[in-house]
Amino acid sequence: MERTDTELVEQARRGDKEAFRELFERYQKKVMSIALGMVNNVDDAMEIVQDTFVKAYENLEGFKGESSFYTWLFRITVNRAIDLRRHRRRNPTVGLQDEFGFPDSDEPYDEVLADPEAKTDPVRQVESREIGTRVAEAISELTPYHKAVILLREIEGLSYEEISRVLQCSKGTVMSRLHYARKKLQSKLKDLL
């Protein structure tokens, strides 16, 4: 029988590293999806995933259980992504992509925006990749808070209440940010709609 998050957290608090490993395996892909959506760079997203789980492990005692472990973990992820973006803005660097034109990643949104029919139809495959790229570019132009709301709602499927706990803001603020983000995306992607 699969253990609940609450059981795993309690066991991890008592030093059971296998319990925390199970939490990691349960949520690593979702955390990566959010991180990748926030920073649009595979290396930075991997750093955020690592930092998120290290911080979660180090602060298990601080997890009060007022929200789900999942919600708490996503709050850490979003905060780490915002912190990293701020740091990068203040301390810009030139990477291989900028200096030599190397690709940053292999289509970071492929898995998230995959079209199941595209696997068998080459034309659909190209269209799907182009649409995915356009959507990824449009999302990357949003502010961090609008990007977070879109990713948490549309990609991860969180409720308004869950998003408000993750972002530590009111449900009304979530709804407002989501409305604004959707309007911006509709404007940028109107030729696809």
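To convert a position in the sequence shown, counted from 1, into our numbering, add 138. Even for Gly, the Cβ is constructed at its ideal location relative to N, Cα and C.
Item, Value
"Ordered along the chain, which non-local residues of its own chain (more than five positions away) have a Cβ less than 8 Å from that of F302?", "With the sequence shown as reference, residue 302 is identified as Ser, and Phe is not the correct amino acid for it. Cβ neighbours of S302 beyond the five flanking positions: S308, K309, T311, V312."
"Can you tell me whether G203 is helix, strand or coil according to DSSP?", "coil"
"What's the gap between the Cα of R262 and the Cα of K202?", "47 Å"
"Taking the C-alpha atoms as reference points, what is the distance between Q188 and T271?", "26 Å"
"Is L290 helix, strand or coil when you go by DSSP?", "helix"
"Under 8 Å, do E294 and I172 count as touching if we go by C-beta distance?", "yes"
"Could you tell me the distance, in whole angstroms, from the CA atom of R227 to the CA atom of E140?", "42 Å"
"Does the beta-carbon distance from L289 to G175 come in below 8 Å?", "yes"
"Do V304 and F162 come within 8 Å of each other at the CB atom, strictly closer than that value?", "no"
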